[in-house]
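Taken in order, these protein sequences are the chains called A and B. Residue 35 in my numbering sits at position 35 of the first sequence, with consecutive numbering throughout. Positions in the second sequence are counted from 1; adding 1000 to them yields my numbering.
Number of protein chains: 2
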Amino acid sequence: MYKVVQKETIKADRFTVIQEKVAKDGQIAPYSYVTIGFGISIIPFVDDDHVLLLKEYRHPVGSWQYEFPSGGIDGGEEPSQAARRELLEETGYEASELTELGFTYPSFGSTNEKITLFACRATKMAQPKREILEEIKMEIVSVDQLEDLIVKGEFAHGAGQAAWLKWRLLNERR
Amino acid sequence: MYKVVQKETIKADRFTVIQEKVAKDGQIAPYSYVTIGFGISIIPFVDDDHVLLLKEYRHPVGSWQYEFPSGGIDGGEEPSQAARRELLEETGYEASELTELGFTYPSFGSTNEKITLFACRATKMAQPKREILEEIKMEIVSVDQLEDLIVKGEFAHGAGQAAWLKWRLLNERR
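As structure tokens, this is what we get:
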């Protein structure tokens, strides 16, 4: 553990950059990181062998990306509520048989971000309710096709990869 | 794609927060994200069935975390050079039989961060050369023990999970 001897925060929209001086073993060094709200990511199984994927334009990386439905946890929400809400909003599918798969830290050297992972059975219920900037396409693919997309580098979604690894390991151990 | 109609940048140490107004289909909305240097993460196999893990104190999440050796790509470096350098600096092990495993986007809704993934054969050569704040322990574990740590949530390192998923899928398809 470090002792924080100086701390400055810079707020910018949904990010807060923390610039600290921390002490360890009598030495002092700078440490900066970003804080951001926590999130969820969910694997929607439409049957035993097929999952629902999103393909979304991701402005920070300037390209269309395959991913599992994901989003932020709103104030007062449990992670499982956020998972059900995001799935419904982004896809119009409702979650049943929700399984929590633990969590992943996307980048714990740079941010406090923590993403809770889920899998569920997903059933089409309604039209998606998207925000202005959300450019999203939906695709249903087999588990083999999903793994092809991961191998070929077309599914590079960090939280989605973590969720898929955990799902696989848990199922192999049943 | 969005058209950027207004852009403000806030620099804070190694982070730049980009606050934009972007236009899509005639509507304008705010979009903010963080830019940060790209990185690498590497799975060091000490033999066919054992990997070298780090356990490092990660200040942004306030706890000790298992992870694979990882770090930033310095100016002018190829990702593979950064992987060899970080492995040697953090562990004192030298990489041979380096295999690139593609890349992962840890959080493409919030940052442009891109981590190139590798696996290698790792051989002990020297003492680690760590920075002041790096509090790191090393452990050699079997592949089964690693997967136990992932299932139990003790290995929650996003880039490391992505690397392990890709390694597994590539090996199953050989």
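The C-beta atom is built at its ideal place from N, Cα and C for all residues, glycine as well. Only a predicted model underlies this, so the values are computations on that prediction, with no experimental measurement involved.
Simplified DSSP assignment, three categories, for Ile132(A): coil
Backbone secondary structure at Ala1156(B) - three-state DSSP: coil
Beta-carbon neighbours of Ser107(A), restricted to chain B and to distances below 7 Å: Pro1106, Ser1107, Glu1113, Gly1158
Identity of the residue in Thr1123(B), Leu1169(B), Glu1113(B) nearest Gly1158(B) by Cα: Glu1113(B)
Neighbour flag for His1059(B) against chain A, beta carbons, 8 Å: yes
The beta strand (DSSP E) enclosing Gln1027(B), as first and last residue numbers: 1027-1035
Under 8 Å (Cβ pairs) to chain A, residues found in the stretch 1022-1055 of chain B: Val1022, Lys1024, Gln1027, Ala1029, Pro1030, Tyr1031, Ser1032, Tyr1033, Val1034, Thr1035, Ile1036
Cβ of Tyr2(A) within 8 Å of any chain B Cβ: yes
Any chain A beta carbon closer than 8 Å to Ser1087(B): In the sequence as displayed, the identity of residue 1087(B) is Leu instead of Ser. Output row for Leu1087(B): interface = no.
Contact between the stretch 1022-1036 of chain B and the stretch 73-88 of chain A (3+ Cβ pairs under 8 Å): no
For Val5(A), the nearest candidate out of Ala12(A), Gln19(A), Phe15(A), Arg14(A) (CA to CA): Gln19(A)
Three-state secondary structure (DSSP) of Arg1121(B): strand
Per-residue DSSP class, three states only, for Ile150(A): helix
CA-to-CA distance, Arg121(A) to Leu165(A), given in whole angstroms: 18 Å
Spatially closest choice to Asp49(A) from Ser142(A), Gly39(A), Phe118(A), by CA coordinates: Ser142(A)
Neighbourhood of Lys11(A) by C-beta, 6 Å cutoff - its chain only, sequence neighbours within 5 removed: none
8 Å Cβ cutoff, Trp167(A) in contact with chain B: no
Proximal chain B residues relative to Glu100(A), where beta-carbon distance stays under 8 Å: Near Glu100(A) there are no residues of chain B at all, since even the closest Cβ is about 10 Å away, more than 8 Å.
Buried versus exposed, by CB contacts within 10 Å (16 or more), Glu86(A): buried
Range of the contiguous beta strand (DSSP E) that encloses Arg58(A): 50-58
Pair within 8 Å by beta-carbon distance, Ile36(A) and Arg14(A): yes
Chain-ordered chain A contacts of Ala1012(B) [CB-CB under 7 Å]: Ile10, Val17, Gln19, Ser32
Under 8 Å by beta carbon: chain B residues contacting Gln229(A): Residue 229(A) falls outside the range modelled here, since chain A spans only 1 to 174, and no answer is possible.
Selected residue, minimal CA-CA separation from Trp1064(B), among Glu1134(B), Leu1170(B), Val1151(B): Glu1134(B)
Own chain residues within Cβ distance below 6 Å of Phe1038(B), not counting five before or after: Ile1073, Lys1114
Residue span of the alpha helix (DSSP H) that contains Gln81(A), given as start and end: 79-91
Residue(s) in a DSSP beta bridge with Ala95(A): Ala122(A)
C-beta atoms of Val22(A) and Val34(A) nearer than 8 Å: no
Chain-ordered neighbours of Gln161(A) on chain B, where CB pairs are closer than 7 Å: Thr1104, Gln1161, Ala1162, Leu1165
Distance, Thr1104(B) Cα to Leu1146(B) Cα: 20 Å
Status (buried if at least 16 other CB within 10 Å, exposed otherwise) for Gly1160(B): buried
Test: Leu146(A) CB closer than 8 Å to a CB of chain B: no
Residue span of the beta strand (DSSP E) that contains Tyr66(A), given as start and end: 63-67
C-beta neighbour in chain A for Glu1135(B), strict 8 Å: yes
Gly1102(B) beta carbon less than 8 Å from that of Gly62(A): no
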